[in-house]
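Just so you know, we're using our numbering here: the sequence shown kicks off at 351 and counts up by one.
One structure below.
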Amino acid sequence: MDLDTVRTFVAAADAGQFQEAAAELAVTQQAVSKRIAALERALGVRLFTRTPRGAELTIDGQAFLPHARELLRVAERAVSSVRAGRRPLRVDVIASRTAQSALMRGFHRAHPEIDLDVVMLFDVETAVAAIRSGTIDASFRAVAMPGRPLPEDIESVRVLDEPLQLLTGPAHALAGARSVTVAQLAGHRIWMPGIVPGTEWAAYYDDLVAEFGLTIEATGPNFGSDALLDTIADTPALATFMSEQTRLVWPAGHGLRRIPVTDPTPVYPHSLLWHRDNPHPALATLRAHLATTATGHDAAGTWAPGWVIPR
Numbered sequence: 351m352d353l354d355t356v357r358t359f360v361a362a363a364d365a366g367q368f369q370e371a372a373a374e375l376a377v378t379q380q381a382v383s384k385r386i387a388a389l390e391r392a393l394g395v396r397l398f399t400r401t402p403r404g405a406e407l408t409i410d411g412q413a414f415l416p417h418a419r420e421l422l423r424v425a426e427r428a429v430s431s432v433r434a435g436r437r438p439l440r441v442d443v444i445a446s447r448t449a450q451s452a453l454m455r456g457f458h459r460a461h462p463e464i465d466l467d468v469v470m471l472f473d474v475e476t477a478v479a480a481i482r483s484g485t486i487d488a489s490f491r492a493v494a495m496p497g498r499p500l501p502e503d504i505e506s507v508r509v510l511d512e513p514l515q516l517l518t519g520p521a522h523a524l525a526g527a528r529s530v531t532v533a534q535l536a537g538h539r540i541w542m543p544g545i546v547p548g549t550e551w552a553a554y555y556d557d558l559v560a561e562f563g564l565t566i567e568a569t570g571p572n573f574g575s576d577a578l579l580d581t582i583a584d585t586p587a588l589a590t591f592m593s594e595q596t597r598l599v600w601p602a603g604h605g606l607r608r609i610p611v612t613d614p615t616p617v618y619p620h621s622l623l624w625h626r627d628n629p630h631p632a633l634a635t636l637r638a639h640l641a642t643t644a645t646g647h648d649a650a651g652t653w654a655p656g657w658v659i660p661r
């Protein structure tokens with residue numbers, strides 16, 4: 351059913367005259383008459399009776415009027431649910447225990463009045479497609495992978511360089527170190543079953559291995575962080591990389607160690623991605639917030655892949 355004809359019907363019913371309805375809708379009286387006639391044909395009933403004083407509702411018109419008003423109210427609610435500024439800001443953070451999630455929690459504390467929908471998408475291509483379709487407003491990603499530049503309509507800004515740490519069990523050879531250099535990691539087995547070929551984090555660790563001659567094993571199924579921590583705690587020959595701000599909880603008996611990595615410190619680059627034409631006002635607020643809280647990138651003594659966009 352054409353909502354313009356329904357809106358015209360309600361305006362004419364309220365005004366009692368087609369001429370006044372035309373003035374209210376900023377159309378001609380002829381346009382009002384045509385819309386009412388089209389609605390009557392669609393419904394198969396007469397809605398108005400012409401009188402010397404204007405137009406009066408028929409019995410069918412009186413029966414249809416409350417439903418017509420409800421149709422317009424439902425349509426307005428539907429539009430409002432997706433209208434920028436009236437719907438929640440939708441942001442992709444990859445996972446709930448990451449630095450990206452912490453950035454969004456900080457934003458929420460600073461701006462509790464802004465409604466948020468936090469989602470978790472898998473890879474950068476999925477995230478970019480969701481941004482371009484309007485499914486989400488922004489995404490935190492490491493950009494851009496070799497051979498896969500961002501589309502021209504996608505903007506990005508680097509918001510956080512997060513240091514990697516070495517996570518070991520209590521019996522690992524490096525467990526007692528206060529810090530380790532990247533060179534000291536050569537020859538040690540670093541187990542990371544969550545690396546998925548084709549993702550931006552796989553590209554990051556491929557470059558890390560190539561740059562420093564490390565041994566990273568991605569073998570075996572990924573049963574999640576709890577299973578990873580259990581294995582690292584019980585296997586002296588294995589360690590893993592963990593981002594500095596990743597929130598982990600493990601049993602006291604595990605005796606796990608988080609050890610800073612230096613000379614240089616590998617940092618994982620987090621950037622915010624959004625569509626250049628996205629009008630959501632909260633997106634500008636998020637960008638401004640991140641600009642005030644973002645740490646410097648490419649700092650002395652750190653390493654990130656050469657393909658990471660610096661801006």
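The beta-carbon is built from N, C-alpha and C at its ideal position, and this holds for glycine as well.
A straight-line Cα-Cα distance of about 51 Å links V395 and A634. In the structure shown, A492 falls within a coil segment according to DSSP collapsed to helix, strand and coil. Using a Cβ distance threshold of 8 Å, A361 and A376 do not count as a contacting pair. By the Cβ criterion, the segment 548-557 is in contact with the segment 465-483, since at least three pairs of Cβ atoms, one from each stretch, lie closer than 8 Å. Residue range S575 to D584 is occupied by the alpha helix (DSSP H) that includes S575. Counting only residues of its own chain and dropping the five nearest sequence neighbours on each side, V468 has a CB closer than 7 Å to the CB of V441, V443 and M454. If you draw a straight line from the Cα of T581 to the Cα of A536, it comes to about 21 Å. Relative to L510, the option among I659, R400 and R539 whose CA is nearest is I659. If you ignore the 5 residues before and after P496, its C-beta comes within less than 8 Å of the C-beta of A553 and W657, all in its own chain and listed in chain order.
Per the coordinates, the alpha-carbon of L514 lies some 15 Å from the alpha-carbon of A527. Rounded to the nearest whole angstrom, the C-alpha separation of A568 and P543 is 4 Å. For G404, the three-state secondary structure derived from DSSP is strand. The three-state secondary structure of R437, taken from DSSP, is coil. Within the same chain, and ignoring the five residues on either side of P438 in sequence, the residues whose Cβ sits closer than 6 Å to its Cβ are D465, L466 and D467. Your pair L517 and A589 checks out as a contact, with CB atoms roughly 6 Å apart and the cut at 8 Å.
Pairing I486 with A492 gives a Cβ-Cβ distance that is not under 8 Å. Between the C-alpha atoms of G605 and G519 there is a straight-line separation of about 6 Å.
Spatial neighbours of D410 in its own chain (CB-CB distance under 8 Å, excluding positions within 5 residues in sequence) are listed in chain order as L393, V395, R396 and L397. Under DSSP, L500 shares a beta bridge with no residue. Apart from the 5 residues on each side of it in sequence, S451 sits with its Cβ closer than 6 Å to the Cβ of V443 in its chain, given in chain order. Taking C-alpha positions only, A644 is separated from G563 by approximately 31 Å. The DSSP assignment places 631-643 as complete runs of the alpha helix (DSSP H) inside the segment 604-648, in order along the chain (cut-off: 4 residues). Counted as a single uninterrupted DSSP element, the stretch harbouring R539 is not any alpha helix (DSSP H) but the beta strand (DSSP E) occupying residues R539 to W541.
Contact between W624 and E505 holds, with the beta-carbon distance rounding to 6 Å and staying under 8 Å. Judged by DSSP in its simplified three-state form, F591 adopts strand.
DSSP places E505 in the strand class (E or B) of the three-state scheme. When rounded, the separation of the alpha-carbon atoms in R419 and S383 is 19 Å. In the displayed model, P655 falls within coil according to three-state DSSP, outside both helix and strand. Looking at the backbone, the Cα of L500 and that of S489 are separated by about 13 Å. Across the set A560, W600 and Q595, the C-alpha of W600 shows the shortest separation from the C-alpha of L578. Taking C-beta atoms as the reference points, V507 and R423 fail to come closer than 8 Å. In this structure, the beta-carbon distance from H630 to H461 does not fall below 8 Å.
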